[in-house]
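Have a look at the structure below, then the notes.
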Amino acid sequence: MLVSTDVLEHIEPVFLENVLRHMDGLFTKVAFFIIATSPAKKFLPDGRNAHLIVENPGWWKPLLEKYIGGKIVHHEFSEKTRTDKMGVVHPNNKYIVVIEK
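In the working numbering, each residue carries its 1-based index in the sequence shown increased by 58.
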């Protein structure tokens, strides 16, 4: 079983296809993904948001289907919010996917 929670959104976009191909080879039965679809709280030293890829499920699903062998047996979009120390509300959305080979 492969479990990837809050990882893929941190990948440099130019490397994403290679990372997905590699992940495909790391499991034989089931893969479980949680992918953040909203900006992170933190920033990288160069000023970019720590979530280098901020895309919706409609963008992620075709990529997973293309590069991860198997069938998506479950997927859902979780829309939540978080409140920072200043009381500002931010999105904290996740795309949850289960793939079976």
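Yeah, the Cβ is synthetic: ideal placement off N, Cα and C, and Gly gets one too.
TODO: With a threshold of 16 other CB atoms inside 10 Å of the CB of His109, please say whether the residue is buried or exposed.
DONE: As a working mapping, residue 109 is identified with position 51 in the sequence shown. Answer is buried; the Cβ neighbour count reaches 16.
Task: Backbone secondary structure at Asn114 - three-state DSSP - done: Translated into positions along the sequence shown, residue 114 becomes position 56. If DSSP states are grouped into helix, strand and coil, Asn114 belongs with coil.
Open item on the list: Three or more C-beta pairs under 8 Å: does that hold for the segment 63-72 against the segment 126-142?
Closed with: No, because fewer than three Cβ pairs between the segment 63-72 and the segment 126-142 fall closer than 8 Å, the two stretches do not touch.
Open item on the list: With DSSP as the reference, identify every bridge partner of Arg140, one or two as the case may be.
Closed with: The count along the sequence shown starts at 1 and reaches residue 140 at position 82. In the DSSP secondary-structure assignment, Arg140 is bridged to His148.
Open item on the list: Given this structure, state the Cα-to-Cα distance separating Arg140 from Asn151, to the nearest angstrom.
Closed with: As a position in the sequence shown, residue 140 is number 82, starting the count at 1. As a position in the sequence shown, residue 151 is number 93, starting the count at 1. If I take the Cα positions, the gap works out to 10 Å.
TODO: Consult DSSP for Leu84 and reduce its assignment to one of helix, strand or coil.
DONE: One-based indexing of the sequence shown puts residue 84 at position 26. Of the three classes helix, strand and coil, the one that applies to Leu84 here is coil, per DSSP.
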